[in-house]
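Visitor: Numbering (our numbering), first residue to last: 2 to 270.
Glycine included, each C-beta is placed from N, C-alpha and C at the ideal position.
Before we start, here is the structure in question, set down as structure tokens.
Here it is as structure tokens:
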């Protein structure tokens with residue numbers, strides 16, 4: 002009796018773990034990878050974060066980081082395949098990790114459709130009747146799990162998903178996101194540099210990782226007892242003043258309308 006086939010698998014990596022390339026250059030230069038990071042090329046425009054600050058440009062996701070995902074994906078391909086001639090496809094989903102999760106959920110939905118169409122072309126899946134009721138299994142690492150959860154919530158019963166596995170996904174937020182936004186430092190490693198701090202403050206997706214659990218925000222006792230103060234990391238008034246000032250200055254320097262007042266810029270931030 003033939004072993005049942007496993008649904009195709011899509012691996013969704015964590016934040017910053019997809020290579021970015023600038024397609025404006027004819028040789029499509031990689032401006033973000035595991036070894037080289039061109040911060041000035043990946044800053045987003047303050048008036049429309051779908052585009053880059055430094056134009057002309059066209060920065061797009063290239064591929065998932067080789068380290069640590071290559072070994073992980075190859076292991077899944079090997080262990081989930083019943084035989085060499087009945088391979089289980091495992092697809093890495095590279096995405097522009099700078100963008101809001103709403104955009105990434107829609108992109109994942111389109112990729113799920115593509116994966117099902119590609120899998121239906123494989124002879125052993127076609128013979129097993131996969132095209133009649135196609136589904137995928139999803140594996141999300143860190144922020145990748147949030148993208149998956151948002152995709153399922155967005156599409157509901159229309160989400161063609163059978164199984165989901167998440168690894169280290171901060172469903173209630175991550176204190177590391179605050180650390181990145183306030184200092185640029187990461188507990189994973191690396192130096193605290195001004196460019197890292199500024200990029201963190203100007204990356205929409207990172208704000209989806211702000212913590213929402215009790216005790217995530219500690220304020221002075223006077224503010225804690227004030228009923229008008231909300232103990233939430235999503236309230237800008239609870240941040241260090243330097244955060245909003247950095248964003249306001251960024252708008253002043255790179256926004257289209259230089260006539261905005263300081264108050265207006267800080268409000269927009």
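#1: Give every residue of the same chain whose Cβ lies closer than 8 Å to the Cβ of residue 210, excluding the five residues on either side of it in the sequence, and list them in chain order.
#2: Under the rule that 16 or more other beta-carbon atoms within 10 Å means buried, what is residue 99, buried or exposed?
#3: Measure the alpha-carbon distance for residue 78 versus residue 91 and round it to whole angstroms.
#4: With a threshold of 16 other CB atoms inside 10 Å of the CB of residue 1, please say whether the residue is buried or exposed.
#5: May I have the straight-line CA-CA distance separating residue 60 from residue 28, to the nearest angstrom?
#6: Per DSSP, what kind of secondary structure is residue 161 in: helix, strand or coil?
#7: Can you list, in chain order, the residues of its chain with a C-beta nearer than 6 Å to that of residue 57? Leave out the 5 residues immediately preceding and following it.
#8: Does the pairing of the stretch 122-130 with the stretch 148-163 give three or more beta-carbon distances under 8 Å?
#9: Roughly how many angstroms separate the alpha carbons of residue 166 and residue 10, rounded to a whole number?
#10: Alpha helix (DSSP H) containing residue 199: first to last residue?
#11: I'd like the span of the beta strand (DSSP E) that includes residue 62, first residue to last.
Guide: By the coordinates alone:
#1: Reading the chain shown from its first residue, position 209 is the one you call residue 210. Residues of the same chain with a CB within less than 8 Å of the CB of residue 210, apart from the 5 flanking positions on each side, are 16, 144, 147, 171, 174, 175, 177, 178 in chain order.
#2: On the chain shown, position 98 is the one that residue 99 refers to. Buried.
#3: Locating residue 78 in the chain shown gives position 77, where the first residue counts as 1. Locating residue 91 in the chain shown gives position 90, where the first residue counts as 1. It is roughly 6 Å from the alpha-carbon of residue 78 to the alpha-carbon of residue 91.
#4: Past the boundaries of the shown model lies residue 1; the chain is included only from 2 to 270, so the question cannot be answered.
#5: Residue mapping note: residue 60 aligns to position 59 of the chain shown, counting from 1. Residue mapping note: residue 28 aligns to position 27 of the chain shown, counting from 1. Approximately 13 Å between the Cα atoms of the pair.
#6: Start at 1 with the first residue of the chain shown, and residue 161 comes out as number 160. In the three-state scheme derived from DSSP, where H, G and I count as helix and E and B as strand, residue 161 is classed as coil.
#7: Indexing the chain shown from 1 puts residue 57 at position 56. The answer, listed in chain order, is 25.
#8: No, they do not touch.
#9: Locating residue 166 in the chain shown gives position 165, where the first residue counts as 1. Locating residue 10 in the chain shown gives position 9, where the first residue counts as 1. Spanning the alpha carbons of residue 166 and residue 10 requires a straight line of approximately 10 Å.
#10: One-based indexing of the chain shown puts residue 199 at position 198. Residue 199 -> alpha helix (DSSP H) spans 195-202.
#11: Translated into positions along the chain shown, residue 62 becomes position 61. Its beta strand (DSSP E) spans residues 60-65.
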